[in-house]
Amino acid sequence: MTAATPAIEPPTADEVLTDVHQGVGRILLNRPRALNALTTPMVAAIDEALAAWESTPLTAVVLASTNPKAFCAGGDMRAIRANALAGDTEASENFFATEYRLNARIAEHPVPIVSLIDGICMGGGLGLSIHGDYRVVTENTILAMPETAIGFFPDIGASHFLPRLPGAIGMYLGLTGHRLDAADALYTGLATHFVPANRIDEVTEALADNAATPIDTILKDLEGREGREGREGREGREGLGGIPAPSVAGSKLAAVRADLDRAFGAPTLDGIRQELHALATPWAARTLATLDAHSPQSLEITHALLTAGRTRTLRECLAAELLLTRTTIRSPDFLEGVRAVLVDKDRTPAWQRADTQ
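Using full-length UniProt numbering, read the sequence shown as starting at 1 and increasing by one per residue.
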């Protein structure tokens, strides 16, 4: 953006903690009561730390949470809705512009970034982690891009990374908001490593104490298995923490992959629905019910955005997403979706249009 960025107040109550220990930078999200939902000051603080460390000889940067329940629940969409209702478009514009600038910085950062995803990670949480080099999950991890359920669309560069997942998985995740566990995350490639939750705090120290050892090797050692080959080839072995390390064979998505690719590989939303009807399986019926419950406007936007994102760079995707935020956050479906899911929590949104057919 060419316009001057408004001054940003620092995060309150130390909501972002940063330090450097033995050549490892550490960023801790510390807004536990809100499950680390991101505000503009939090995003700006993370961006500022990463910018300062671009010219610092660090071994790695670790991004984690002080709350074992959540890595990051996403952007604070209740605040975005409140801005829209108050007519404060500048505040929301500033949030998204700052967030997307951070997403690009993470993707282009010269120092390897290791995200420790223990607990909930949704929306903006994936924006903090997926663009980095290493995404470590635990047995507690839940990943999702649930935006179509609140009248929004998968942003934070999702129109770049979702279309690049295997087969039609990205379209499925973007449209349905399906929640992935650790096995699913490893199967899709959204995660790179597994470390038991009771060992996740050891990662930073291990990186600091073994600066000459490749990060991949350190993470595999903490995982307690011989890397991805072990995950794919054997069941029943346990990580050093006593927690069974998930294997691709345990992925729920892997079990429905053929049907998923058939349905969500269709070129249109109508085609996806037709394929799901034709499959006539319990999974297809549940998936149709999910689509029917989500915002028709959001489904249309998401399908078009992910389709276009296949040939766009990350920065082009972020620019397209920023343009879409300006209209989407003022739409009736967004205001109603956030109300129903995050404000009143009655989960009975009245969408503007009944269906897309």
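Where is the CB? At the ideal position from N, CA and C, for every residue including glycine.
This structure is a prediction, so every number in the text was calculated from the model and none was measured.
Any idea if residue i is buried or exposed, counting beta-carbon neighbours within 10 angstroms, 16 or more meaning buried?
i, result
"Ser65", "buried"
"Arg271", "This sequence places Gly at residue 271; Arg is not what is there. Gly271 should be labelled exposed."
"Gly124", "buried"
"Glu223", "buried"
"Glu99", "buried"
"Gly87", "exposed"
"Gly336", "At residue 336 the sequence reads Glu, which differs from the Gly that was named. By the 10 Å Cβ count, Glu336 comes out buried."
"Ser55", "exposed"
"Thr348", "exposed"
"Ala37", "buried"
"Leu85", "exposed"
"Arg353", "exposed"
"Asp201", "exposed"
Going by C-alpha to C-alpha distance, which of the options sits closest to residue i?
i, options, result
"His131", "Ala144, Val195, Ile156 and Asp201", "Ile156"
"Arg78", "Thr188, Gln352, Thr204 and Leu342", "Leu342"
"Asn94", "Val203, Ala183 and Ala44", "Ala44"
"Ala319", "Thr89, Ala158, Ser55 and Val203", "Ala158"
"Tyr134", "Asn30, Ala185 and Leu162", "Ala185"
"Asn198", "Ile117, Arg179 and Ala34", "Ile117"
"Leu76", "Thr313, Pro267, Glu316 and Glu147", "Just to set this straight, residue 76 is Asp in the shown sequence, not Leu. Nearest option by C-alpha distance: Glu147."
"Gly25", "Gly189, Ser331 and Ser115", "Ser115"
"Leu29", "His21, Ser129, Leu324 and Ala144", "Ser129"
"Ala211", "Glu15, Val16 and Gln22", "Gln22"
"Pro282", "Asp259, Ala293, Ser295 and His303", "Asp259"
"Thr325", "Thr39, Cys72, Asp47 and Ala97", "Ala97"
"Gly119", "Ile80, Asn140 and Asp209", "Asn140"
"Asp19", "Val62, Ala34 and Arg31", "Val62"
"Ala144", "Cys72, Glu316, Ala34 and Thr307", "Cys72"
"Leu299", "Phe153, Met42, Gly74 and Ser92", "Phe153"
"Met122", "Leu306, Asp221 and Gly74", "Gly74"
"His109", "Arg81, Ala84 and Asp47", "Asp47"
"Ala82", "Arg273, Ser331 and Leu288", "Ser331"
"residue 420", "Val111, Pro163, Ile80 and Lys69", "Summary: the structure shown does not reach residue 420, with the chain confined to residues 1 through 357, and so no result is reported for it."
"Lys345", "Arg286, Ala149, Glu321 and Arg353", "Ala149"
"Leu253", "Pro296, Val203, Arg339 and Ala284", "Ala284"
"Ser92", "Ala350, Trp351, Leu323 and Arg353", "Leu323"
Is residue i near residue j, with beta carbons less than 7 Å apart?
i, j, result
"residue 380", "Leu207", "This structure gives no information on residue 380, because the portion of the chain shown stretches from 1 to 357."
"His160", "Gly309", "yes"
"Ala168", "Leu314", "no"
"Leu50", "Arg101", "no"
"Leu276", "Ala263", "yes"
"Gly250", "Ala293", "no"
"His193", "Leu219", "yes"
"residue 360", "Arg31", "Nothing about residue 360 can be read from this structure; the chain reaches only from 1 to 357."
"Gly174", "Thr287", "no"
"Pro57", "Ile215", "no"
Let me check you understand the geometry: is the CB of residue i closer than 6 Å to at least one non-hydrogen atom of the ligand FMN?
i, result
"Leu126", "With respect to small molecules bound, the structure shown includes none, and the ligand FMN cannot be examined in it."
Kindly identify the DSSP beta-bridge partner or partners of residue i.
i, result
"Met77", "Paired residues: none, contrary to the question."
"Leu38", "Gly75"
"Arg26", "Asp19 and Val62"
Using a Cβ-Cβ distance under 7 Å, would residue i count as near chain B?
i, result
"Tyr187", "In the structure shown, chain B does not exist; there is a single protein chain."
Which parts of the region 162-188 are runs of the alpha helix (DSSP H), unbroken and 4 residues or longer, counting only runs that do not cross its ends? Whole alpha helix (DSSP H) segments, 4+ residues: 169-176 and 182-188.
Inside the region 239-297 only - alpha helix (DSSP H) runs reaching at least 4 residues: 252-255, 257-264, 269-279 and 282-293
At which residue ranges does the region 84-157 contain complete beta strand (DSSP E) runs of 3 or more residues, listed in the order of the chain? The qualifying runs are 113-117, 120-122, 134-137 and 142-144.
Suppose only complete runs of 3+ residues qualify. What are the beta strand (DSSP E) ranges in the region 300-350, listed by chain order? none
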